[in-house]
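Chemist: Take a look at the following structure, please.
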Amino acid sequence: METNIAIITDIHGNSAALKAVLENIDKDKQIEHIYCLGDLIGIGHETNEVLEILFSRENISFVKGNHDEAILRIIQGKEPSSVGEEREHHQWIASRLDEKFIPRLSSVPNKLEKVLNGVNFLFVHYHLREKDKFLSIDYEPNTNKLDEIYKNSNADVICFGHHHIIHHFKSSKRLYLNPSSLGCNTKPFAPYLKLRIGMARQIEVTFFEVPYDNKDFLLSYEKQSVPARDFILKVFHGEQHLQYI
């Protein structure tokens with residue numbers, strides 16, 4: 001039988017977008033499992049709402065993102081990778097994270113490997129170097145560079161996030177997919193993708209953009225005095241909030 005999965009990534013503390021996507025996914029009764037590729041929290045301010053939704057479900061597997069990692073390091077009394085206004089933002093998020101979520105969030109791995117209908121999948125937040133450190137974002141990716149990064153991998157399909165744009169690359173060696181950020185968008189919709197893996201190892205890829213009402217989410221940045229809100233609202237949300245002021 002064929003296998004059907006959904007891929008979500010970079011929720012970034014946006015529960016309104018997450019609810020819209022999960023509602024959309026749940027309408028498809030063929031979807032057997034959801035893979036979430038990290039950055040559950042950070043940037044968005046709905047930390048506990050997002051984690052409550054995600055961790056209450058049994059059909060989602062996770063990998064850890066750089067924002068998740070930075071916030072956990074602050075909670076653990078360690079130095080995060082973030083600096084300046086970004087670190088202030090991470091500290092704000094960390095101070096408001098319900099401690100009941102810390103064990104589960106801490107246990108999330110940096111990568112997952114699965115075999116689905118004979119196809120080898122690798123799920124990561126972004127490309128990893130030694131000691132599971134994330135590479136810097138490549139803003140001009142191509143199949144040659146991706147194949148070089150994964151030259152020692154036996155994965156047929158590599159799914160990742162972090163870079164908030166869609167990636168759909170296929171080389172002679174493997175398929176590379178990134179559905180784009182679910183929670184950070186310059187328009188009021190939330191992206192994700194579905195994969196159908198057939199018995200003959202064929203793969204059907206479908207990208208989705210789910211519309212949702214982001215008004216309250218955007219206006220709450222100011223109401224809650226979220227650190228780095230001006231930068232976040234401009235860069236990650238295209239200043240959509242201005243239409244509501």
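With the UniProt record's numbering as the guide, the letters of the sequence shown map in order to residues 1 to 245. Using N, Cα and C, we set each Cβ at its ideal position, and we do this for glycine too.
Once DSSP output is grouped into helix, strand and coil, what is the label at residue 25?
Modeler: helix
Chemist: Pull up the DSSP beta-bridge partners for residue 59, would you.
Modeler: Residue pairing for residue 59: DSSP places it in no beta bridge.
Chemist: I'd like to confirm the pairing. Which residues does DSSP put opposite residue 44 in its beta bridges?
Modeler: Answer is 42, bridged to residue 44.
Chemist: Please report the straight-line C-alpha distance between residue 245 and residue 233, rounded to a whole angstrom.
Modeler: 13 Å
Chemist: I need the DSSP call for residue 144, collapsed to helix, strand or coil.
Modeler: helix
Chemist: Can you name the residues that DSSP bridges to residue 178?
Modeler: Bridge partners of residue 178: 167.
Chemist: Write down every uninterrupted run of the alpha helix (DSSP H) in the region 77-130 whose length is 4 residues or greater and which is fully enclosed by it, in chain order.
Modeler: The qualifying runs are 84-96 and 102-106.
Chemist: Looking at the structure shown, is residue 134 part of a helix, part of a strand, or coil, going by DSSP?
Modeler: strand
Chemist: Please state whether the Cβ-Cβ distance between residue 50 and residue 102 is less than 8 Å.
Modeler: Not in contact: residue 50 and residue 102 (Cβ atoms no closer than 8 Å).
Chemist: Can you look up residue 229 in the DSSP assignment and give me helix, strand or coil?
Modeler: helix
Chemist: How big is the Cα-Cα spacing for residue 114 and residue 123?
Modeler: 8 Å
Chemist: Among 24, 188 and 77, whose alpha-carbon lies nearest the alpha-carbon of residue 214?
Modeler: 188
Chemist: Considering only C-alpha positions, which residue in the set 226, 239 and 194 is nearest to residue 3?
Modeler: 194
Chemist: Whole angstroms are fine: how far does the CA of residue 155 sit from the CA of residue 217?
Modeler: Taking the straight line joining both Cα atoms gives about 38 Å.
Chemist: Does DSSP put residue 160 in a helix, in a strand, or in coil?
Modeler: coil
Chemist: Let me check understanding here. Comparing Cα to Cα, which of 45, 52, 182 and 41 lies closest to residue 65?
Modeler: 41
Chemist: Could you check if residue 67 is buried or exposed, using at least 16 other CB atoms within 10 Å of its CB as the buried criterion?
Modeler: buried
Chemist: Around the Cβ of residue 174, are there at least 16 other Cβ atoms within 10 angstroms (buried) or fewer (exposed)?
Modeler: When all chains shown are included, residue 174 counts as buried.
Chemist: State the DSSP-derived secondary structure class of residue 11, mapped to helix, strand or coil.
Modeler: coil
Chemist: According to DSSP, is residue 209 helix, strand or coil?
Modeler: strand
Chemist: By DSSP, does residue 195 sit in helix, in strand, or in coil?
Modeler: Looking at residue 195 - three-state DSSP - the assignment turns out to be strand.
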